[in-house]
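J.: Mapping of the sequence shown onto UniProt numbering: residues 1 to 463, in sequence order.
Here you go, one structure.
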Amino acid sequence: MGILCCFQSHTDGSAHHDHVVASSPATSSSSAPSSYRNNDRRAPPERQAAGEEKSSRRTDSVDNSNLVALVNDIVAESGTIPTVIVINRSMIIQSNISIHSNDGNGTMHVPYAVSYRHRRVAEEILKMGKAGKVTARAFTYAELSEATGGFRPESLLGEGGFGPVYRGRLGSPSGPEVAVKQLDRNGMQGTREFLVEALMLSLLKHPNLVTLLGFCTDADHRMLIYEFMPLGSLEDHLLDLPPGRAPLDWATRMSVAQDAARGLEYLHDTARPPVIYRDFKASNILLDTGFRARLSDFGLAKVGPVGDKTHVSTRVMGTYGYCAPEYALTGKLTTMSDVYSFGVVFLEIITGSRAIDTTRSPDKHNLVLWAGPRFKDKRRFAEMADPLLQGAYPTKGLYQALAIAAMCLQEDASMRPAISDVVTALEYLTVAGGGAADDDEPAPNPNLQQQQTDIAGHDDDQA
Numbered sequence: 001m002g003i004l005c006c007f008q009s010h011t012d013g014s015a016h017h018d019h020v021v022a023s024s025p026a027t028s029s030s031s032a033p034s035s036y037r038n039n040d041r042r043a044p045p046e047r048q049a050a051g052e053e054k055s056s057r058r059t060d061s062v063d064n065s066n067l068v069a070l071v072n073d074i075v076a077e078s079g080t081i082p083t084v085i086v087i088n089r090s091m092i093i094q095s096n097i098s099i100h101s102n103d104g105n106g107t108m109h110v111p112y113a114v115s116y117r118h119r120r121v122a123e124e125i126l127k128m129g130k131a132g133k134v135t136a137r138a139f140t141y142a143e144l145s146e147a148t149g150g151f152r153p154e155s156l157l158g159e160g161g162f163g164p165v166y167r168g169r170l171g172s173p174s175g176p177e178v179a180v181k182q183l184d185r186n187g188m189q190g191t192r193e194f195l196v197e198a199l200m201l202s203l204l205k206h207p208n209l210v211t212l213l214g215f216c217t218d219a220d221h222r223m224l225i226y227e228f229m230p231l232g233s234l235e236d237h238l239l240d241l242p243p244g245r246a247p248l249d250w251a252t253r254m255s256v257a258q259d260a261a262r263g264l265e266y267l268h269d270t271a272r273p274p275v276i277y278r279d280f281k282a283s284n285i286l287l288d289t290g291f292r293a294r295l296s297d298f299g300l301a302k303v304g305p306v307g308d309k310t311h312v313s314t315r316v317m318g319t320y321g322y323c324a325p326e327y328a329l330t331g332k333l334t335t336m337s338d339v340y341s342f343g344v345v346f347l348e349i350i351t352g353s354r355a356i357d358t359t360r361s362p363d364k365h366n367l368v369l370w371a372g373p374r375f376k377d378k379r380r381f382a383e384m385a386d387p388l389l390q391g392a393y394p395t396k397g398l399y400q401a402l403a404i405a406a407m408c409l410q411e412d413a414s415m416r417p418a419i420s421d422v423v424t425a426l427e428y429l430t431v432a433g434g435g436a437a438d439d440d441e442p443a444p445n446p447n448l449q450q451q452q453t454d455i456a457g458h459d460d461d462q463a
């Protein structure tokens, strides 16, 4: 029997985005900043403490529609005038633009050579800065060089398409730890992605998104400064573990998945307009103390769709193995594209295997294709659990997790659940300690009760 899990649609918000601001780029450079370590993002034509308090999903929402719409329009352009990051009335001039604040009252002077939309963006940004809604600050290159010990190799955390990422301490050896992402001018990322990430993390703020502390645009330097995530990325703890590192237990895996899904839920359901993340993968999920997960790397994120539009048309970007099939084929991007990518990562979390791995046997090069027939045969569900778990997982919890993954991976985007429903389902798994015991009653959550399929079956027919 085919896979058919029923999710009831609901919306629920989380956190508010009333912070920093950045404007737009001018180039049509292709990809985006990386997290601590990353993979190639160009798609081919295709959390441990028990009882740790979870972040609330419902918070206030601040509508930045006008500003975001203006900025998004400009970001979408190519060949336009290079623009500016404006933070706390400090105008960081890009290229030939000359927007500046020349008095203590924040009076702004914008040359008339700058387009009307650029002027509108700068004015809106300045307004937010004067209202005290900005938290990020401008750092000098000297400050960051001192913080990282001159960007010495020992401080290097990793390197990706954006460039190297360094660990540092601000101010003194006992100062706060930070991660400094340095744009490699010769790399595959560019100023456009730098600005997009600064914009997104300025407007968006949530416990499950990384915190942008500041930026540097001294001379030709382009850097982003983040709160340091001490446990690295999910990839570091899940895929290709180094000798001596213990694998994540089942409950922690489910909790990390829930945190990551909450981050997506905020982007899709609370941000106005919604934001499509577009690069959801294990290396972009960073882990704080207690294995709380935070989404990082927003250089590929897109705003929209808005109004009556059902999708955003864009070049196919992302990482091979994670892109939704309809997006890879048509370039039409929706929030369901993120749900598919979540399904791929959730399958990685369950199996401990990479989405694409040519070192495995040919039938398992592509994890989703390998899992397809196993989703339909309950006798094979145990094959999909990470061997490193050594059977230490609840059988029903495995079935329910596989049900969630399978629904997210539906080829038909309209059959995938909204990320808010995924969060609801994962909340049950984590509250139950990673899944109900085999002799427990069925899940009280109405969405889960409807999952009477080959994957989430009744107790009397479980293997």
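Backbone N, C-alpha and C fix where the C-beta goes; we use that ideal spot for every residue, glycine too.
Nothing here was measured: the structure is a model prediction, and the numbers come from that model.
#1: Okay, do the stretch 400-415 and the stretch 339-348 touch, 3+ Cβ pairs below 8 Å being the bar?
#2: My output table needs one value for Y166: the three-state DSSP class, helix, strand or coil.
#3: Using 8 Å as the Cβ pair cut-off and three pairs as the minimum, do the stretch 318-329 and the stretch 270-286 touch?
#4: Report the three-state DSSP secondary structure of R360 (helix, strand or coil).
#5: Output yes if chain D places a C-beta closer than 9 Å to the C-beta of S296; else output no.
#6: What do you reckon, are the CB atoms on P230 and L267 nearer than 9 Å?
#7: Which residues in the same chain have their Cβ closer than 6 Å to the Cβ of E235, if we skip the five residues on either side of it in sequence?
#8: Is the Cβ-Cβ distance between A324 and M336 less than 9 Å?
#9: Please state whether the Cβ-Cβ distance between R354 and D240 is less than 9 Å.
#10: What does DSSP give as the partner residues of N366 in its beta bridges?
#11: Look at the alpha carbon of T270 and the alpha carbon of A260, and state the distance between them as a whole number of angstroms.
#12: Just confirm the distance between the C-beta atoms of G397 and L367, as a whole number of angstroms; I'd bet it's less than 8 Å.
#13: Hey, residue 548 and A147: beta-carbon distance below 9 Å or not?
#14: At a cut of 8 Å, does the stretch 294-303 reach the stretch 374-394 through at least three beta carbon pairs?
#15: By DSSP, does F381 sit in helix, in strand, or in coil?
#16: Any idea what DSSP makes of P342, helix, strand or coil?
#17: Do A142 and F215 count as a contact pair if the criterion is CB distance below 9 Å?
#18: Starting from V210, follow the beta strand (DSSP E) in both directions and report where the run begins and ends.
#19: I believe V256 touches F228 by the beta-carbon criterion, under 8 Å. Please report the beta-carbon distance rounded to the nearest angstrom.
#20: Pick from Q182, G244, A392 and H365: whose alpha carbon is nearest that of H221?
#21: Taking C-alpha atoms, which residue in E197, Y226, K364 and R278 lies nearest to G331?
#22: Please classify K281: does DSSP put it in a helix, a strand, or coil?
#23: For K396, report the span of its alpha helix (DSSP H) as first-last.
#24: So, with DSSP's three-state summary, where would you put S233?
#25: With 16 as the cutoff for other CB atoms within 10 Å, does S414 come out buried or exposed?
#26: Would you grab the beta carbon distance between V210 and L204 for me? Rounded to a whole angstrom, and I think it's under 8 Å.
#27: Just list the residues that DSSP pairs L241 with in beta bridges.
#28: Using the C-alpha atoms, what's the distance from H365 back to V178?
#29: How many angstroms separate the CA atom of A301 from the CA atom of P273?
#30: Using only alpha-carbon positions, find the residue among N208, R167, L157 and V303 that is nearest to L144.
#31: So, at 6 Å on beta carbons, what are the nonlocal neighbours of T351 in its own chain, with the 5 sequence-adjacent residues on each side left out?
#32: Is DSSP giving Q390 helix, strand or coil here?
#33: Quick check: what's the CA-CA separation for R262 versus R253?
#34: With DSSP run on the structure shown, which of helix, strand or coil describes L286?
#35: Measure the C-alpha to C-alpha separation of G104 and D218 and round it to an integer number of angstroms.
#36: Measure the alpha-carbon distance for T334 versus G343 and round it to whole angstroms.
T.: Reading it off the structure:
#1: yes
#2: strand
#3: yes
#4: Of the three classes helix, strand and coil, the one that applies to R360 here is coil, per DSSP.
#5: Here there is only one protein chain, and chain D is not present.
#6: No, these two residues do not count as a Cβ contact at 9 Å.
#7: Closer than 6 Å at Cβ, skipping near neighbours: A282 and S283.
#8: yes
#9: yes
#10: As computed with DSSP, N366 is found in a beta bridge with I356.
#11: 15 Å
#12: G397 to L367, Cβ: 20 Å. No contact.
#13: Nothing can be reported for residue 548, as the shown portion of the chain is limited to 1 through 463.
#14: no
#15: helix
#16: In the sequence as displayed, the identity of residue 342 is Phe instead of Pro. DSSP places F342 in helix when its eight states are reduced to three.
#17: no
#18: Here V210 belongs to no beta strand (DSSP E), and DSSP marks it neither H nor E.
#19: Going by Cβ atoms, the distance from V256 to F228 rounds to 18 Å, so no, they are not a contact pair.
#20: Q182
#21: Looking at the Cα atoms, R278 is the closest of the given residues.
#22: coil
#23: T395 to C408 is the span of the alpha helix (DSSP H), which, as asked, contains K396.
#24: strand
#25: exposed
#26: Actually they are not in contact, since the Cβ atoms of V210 and L204 sit about 10 Å apart, beyond 8 Å.
#27: In the DSSP secondary-structure assignment, L241 is not bridged to any residue.
#28: 36 Å
#29: Distance between the alpha carbons of A301 and P273 is about 12 Å.
#30: R167
#31: M384 and D386
#32: When secondary structure is reduced to three states using DSSP, Q390 falls in the coil class, being assigned neither helix nor strand.
#33: Counting only the Cα atoms, R253 lies some 14 Å from R262.
#34: strand
#35: Confidence at G104 is low in this model, with a pLDDT of 39, below 50, so the placement of that residue should be treated as unreliable; the coordinate-derived value is given next. If I take the Cα positions, the gap works out to 22 Å.
#36: 15 Å
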